[in-house]
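Contents: one structure, followed by commentary.
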Amino acid sequence: MTTSEGEWVSLFSGGKDSSWALYRALEDGLNVTRLLTVHPEGDSYMYHTPATHLTALVAESVGIDLIEVEPGELDAEGTRDSGAQGDSELEPLEAALRELQDDIDIAGVTAGAVESEFQTNRIRAMCDRLGIDLFAPLWQEDPRELADAMLDAGFEILIVQVAAHGLDESWLGRTLDHEALAELEDLHDEYGVHLLGEGGEFETLVTDAPHMSRKLELEYETVWEGTRGYLEITDARLGE
Numbered sequence: 001m002t003t004s005e006g007e008w009v010s011l012f013s014g015g016k017d018s019s020w021a022l023y024r025a026l027e028d029g030l031n032v033t034r035l036l037t038v039h040p041e042g043d044s045y046m047y048h049t050p051a052t053h054l055t056a057l058v059a060e061s062v063g064i065d066l067i068e069v070e071p072g073e074l075d076a077e078g079t080r081d082s083g084a085q086g087d088s089e090l091e092p093l094e095a096a097l098r099e100l101q102d103d104i105d106i107a108g109v110t111a112g113a114v115e116s117e118f119q120t121n122r123i124r125a126m127c128d129r130l131g132i133d134l135f136a137p138l139w140q141e142d143p144r145e146l147a148d149a150m151l152d153a154g155f156e157i158l159i160v161q162v163a164a165h166g167l168d169e170s171w172l173g174r175t176l177d178h179e180a181l182a183e184l185e186d187l188h189d190e191y192g193v194h195l196l197g198e199g200g201e202f203e204t205l206v207t208d209a210p211h212m213s214r215k216l217e218l219e220y221e222t223v224w225e226g227t228r229g230y231l232e233i234t235d236a237r238l239g240e
């Protein structure tokens with residue numbers, strides 16, 4: 001159970017899931033006073049990776065202060081297993097929250113996990129260690145109902161990275177709308193693609209939403225690497 005007392009920190013990447021968690025927290029009256037973005041280096045087991053540098057612009061649009069956290073050094077030679085790397089990736093996040101606790105009374109954090117027990121169990125354990133709550137409004141909800149709710153609320157969602165069978169270069173820069181969701185449902189049946197990209201099949205960026213005062217406007221180039229690709233953002237600004 002969450003509380004409205006104290007200040008909330010939104011774990012924020014700019015993608016649809018963390019943005020929805022933030023939006024829901026604000027709608028529920030939680031006092032969100034910080035966004036916190038971890039900038040991973042390369043592939044990550046714990047964090048959304050593409051275009052996290054744009055969260056500063058989104059934070060300006062939302063009107064909430066942003067804390068940015070670098071990932072720290074992982075062990076050399078890539079010898080960690082996924083569990084050990086996940087634990088290591090969490091350390092700079094937990095350290096940043098501990099430091100913030102010296103300045104404010106943190107009630108809890110928001111998180112956008114849908115089905116990943118790998119992520120959620122680690123974040124929940126971190127919250128227990130810090131003595132704070134976890135607000136995870138997407139957790140174990142129906143993916144199609146979540147996606148429809150985002151679109152019905154007015155979220156504009158851009159696909160910025162793909163890495164799955166069935167998702168070709170044409171998906172890069174595409175808006176995640178009801179037509180795209182219908183196609184993703186077909187790809188789920190054929191290839192097992194998760195409707196919300198929970199397995200890393202695709203990544204997104206929210207360019208506009210009800211809690212944003214100004215829309216994020218982008219210029220980009222498409223980079224395709226044979227079986228996967230991403231948008232290389234060349235310019236980003238807030239609209240009038």
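Under UniProt numbering, the first residue of the sequence shown carries the number 1, and numbering increases by one thereafter. Glycine residues also receive a C-beta, built at the ideal position from the N, C-alpha and C atoms.
Is the Cβ-Cβ distance between Leu218 and Glu60 less than 8 angstroms? Not closer than 8 angstroms, so no.
Mapping DSSP to helix, strand and coil, what is Leu54? The answer is helix: DSSP assigns Leu54 an H, G or I state.
Bridge partner(s) assigned by DSSP for Val109: Note: Val109 sits in a beta bridge opposite Val9, Leu134.
May I ask you to verify whether the region 138-154 touches the region 177-186, counting CB pairs closer than 8 angstroms and requiring at least 3? Verdict: yes, contact present.
When the Cα atoms are used, what is the spatial distance from Gly14 to Ala56? A straight line joining the alpha-carbon of Gly14 with that of Ala56 spans about 9 angstroms.
What whole-angstrom Cβ distance do Asp148 and Glu7 have, given they're in contact under 8 angstroms? 31 angstroms between Cβ atoms; not a contact.
Residues bridged to Glu68 [DSSP beta-bridge criterion]: Answer is Thr37.
Is Asp208 closer than 8 angstroms to Leu196 when the C-beta atoms are compared? No; because the gap between Cβ atoms is not below 8 angstroms, this pair is not in contact.
To the nearest angstrom, how far is it from the Cα of Leu54 to the Cα of Ile157? Going by the C-alpha atoms only, they are around 14 angstroms apart.
Close beta carbons around Leu138, own chain, < 7 angstroms, minus the five adjacent residues each side: The residues are Asp17, Trp20, Ala21, Gly112, Ala113, Val114, Leu146.
Going by alpha carbons, who is nearest to Val62 out of Asp177, Gly108, Ser213, Thr110? Closest option to Val62, Cα to Cα, is Ser213.
Based on Cα-Cα distance, which residue from Glu198, Ala163, Glu240, Thr222 lies nearest to Arg228? Answer by Cα proximity: Ala163.
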